[in-house]
Ligand SMILES: [Zn+2]
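Numbering (the working numbering), first residue to last: 2 to 484.
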């Protein structure tokens, strides 16, 4: 049985993994298993994919559907912003569950295995690893603004000093995260799983155009921290002890234009949230989640027709009760259905234009800074990850082209720890990446193409998704639309 380290570079694009910018990750990649088609879930935003990684389930099953989403126990008309841990605490106070299934940390705790999460992204991102505040046996979460359990915050500060201020790039906090990882999680606590969430390059990409010097500095800083961790392992001759999984939660595009969706809905005479047939929108950057009061079919139909006629609309998926409307595809195809599922999920439209630094890929967005990085949509530049694994249990220097995704991470970690994945996990152990395994290569079904179309006013809307199907969901391999 090995110990596992997961290192997430938030929003990393594979084009940034070069000898010049990220020499440590580049070398790590050349030695390990390269997953060429490891997919995020949709919307391609941080907390949805974090929750997916730490539960091994699709959003429909774990219940965290968006960076912002309607969670009825929190509010029926105001989307809950999962950026803030305080909103999760408020949800728990109101009797709602942050997640419907246990996390990897909880499943490990039942086996007396320790899971430590260290994150320097949002407080909400860190919170999803250990959402159940009261019980210390599940391990711990360490973040610059708080810890779980609470008392650990003082302990960390007394050992390592006060956290440095956040910055862009977030270099000082990356350094501190690595210090805590090595000295506290790996040496002092001997954690079985250490899950590191590096806020870069995502933070710098949101604040500056993709391909800017700030973005380059951010990945250099992130790579330096990653390299220090690898050197510590090597210097202590621990290469055979640690399996290391490197991934990112989603890719990035440049924000083409901000679409003021709430104003436009009112102008188009849709009723506001809370009114009969009222429409609530949850902003997920390059994606929108719509909720219709009373699940009113007529409103849903009008809204879908209206969206099909908007130049900024891309692929559109719907809940069961709207499936008979021509042109739509079901949210169940991608595991975005279930009790917290939106009535309509829309990816904004995208294009392949290059920005001022020559980085390709723009998407329309509901929020962000025009010309800077954003994500959430099904643009191929966002609907991908950079994922590599290395260690005693992984094959050496091999590229794997079969489709995998973030729900597969937690079950694979359970396997690396020497245990069967718990039955609630929907992802699969990535046997194809493992050395010396006796299991047959998984007989996954081939990708399936789903298309639909609708005649709209003097035009036609059509979409096509290529899906790699799984139980209770599926990975989007590619998406297209036209109108
Ligand atoms: Zn992210």
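For glycine and all other residues, C-beta sits at the position ideal for the given N, C-alpha and C.
Comparing C-alpha distances from residue 167 to each of 124, 140, 131 shows the shortest one belongs to 124. Three or more Cβ pairs closer than 8 Å define a contact, and the stretch 332–339 falls short of that threshold against the stretch 260–278. Take residue 154, set aside five residues on each side of it, and the residues of its chain with a beta-carbon closer than 7 Å to its own are 147, 148, in chain order. Ranking 145, 383, 48, 413 by CA distance to the CA of residue 479 puts 383 first. The C-beta separation of residue 287 from residue 380 comes to about 7 Å, placing the pair in contact by the 8 Å criterion. Relative to residue 56, the option among 338, 470, 423 whose CA is nearest is 423. If you ignore the 5 residues before and after residue 342, its C-beta comes within less than 7 Å of the C-beta of 61, 66, 320, 332, all in its own chain and listed in chain order.
When the Cα atoms are used, residue 453 and residue 304 turn out to be separated by approximately 17 Å.
Taking each of 324, 72, 283 in turn and checking the Cα distance to residue 377, the smallest one comes out for 283. Not a single heavy atom of ligand 1 lies less than 7 Å from the C-beta of residue 409. At least one heavy atom of ligand 1 lies closer than 7 Å to the C-beta of residue 12.
Counting C-beta atoms within 10 angstroms of its own C-beta, residue 256 has 16 or more neighbours from the protein chains shown and is therefore classed as buried.
Spatial neighbours of residue 398 in its own chain (CB-CB distance under 8 Å, excluding positions within 5 residues in sequence) are listed in chain order as 31, 32, 33.
Counting C-beta pairs closer than 8 Å gives three or more between the stretch 190–205 and the stretch 11–22, which meets the contact rule. By the CB criterion at 8 Å, residue 388 and residue 36 fall inside the cutoff. In the three-state DSSP reduction, residue 123 falls in the coil class, being neither helix nor strand. Straight through space, the alpha carbons of residue 351 and residue 372 are spaced by roughly 13 Å. Pairing residue 448 with residue 469 gives a Cβ-Cβ distance under 8 Å.
Distance check between residue 403 and each of 436, 26, 39 places 39 closest, using alpha-carbon atoms only. Pairing residue 243 with residue 224, the inter-Cα distance amounts to about 18 Å. Counting C-beta pairs closer than 8 Å gives three or more between the stretch 168–178 and the stretch 212–222, which meets the contact rule. The closest CA to that of residue 193, considering only 420, 262, 436, 367, is found on 420. Residue 43 is a Cβ neighbour of residue 477, given a cutoff of 8 Å. For residue 47, the Cβ falls inside the 7 Å cut-off from some heavy atom of ligand 1. In the structure shown, residue 50 adopts helical secondary structure according to DSSP, grouped into three states. Residue side-chain check: residue 250 places its Cβ nearer than 7 Å to a non-hydrogen atom of ligand 1. Exposure of residue 2 is indicated by the presence of fewer than 16 other C-beta atoms within 10 angstroms of its C-beta. For residue 313, no beta strand (DSSP E) encloses it, and the DSSP letter there is neither H nor E. Straight-line measurement puts the Cα of residue 262 at about 40 Å from the Cα of residue 401. According to DSSP, residue 245 shares a beta bridge with 6, 391. Spanning the alpha carbons of residue 221 and residue 22 requires a straight line of approximately 5 Å. Beta-bridge partners assigned by DSSP to residue 82: 69. A straight-line Cα-Cα distance of about 45 Å links residue 237 and residue 370. In this structure, DSSP gives residue 196 an extended state, which the three-state scheme calls strand. Excluding its 5 nearest sequence neighbours in each direction, residue 271 has C-beta neighbours in its own chain below 6 Å: 280, listed in chain order.
DSSP places residue 63 inside the alpha helix (DSSP H), whose first and last residues are 60–63.
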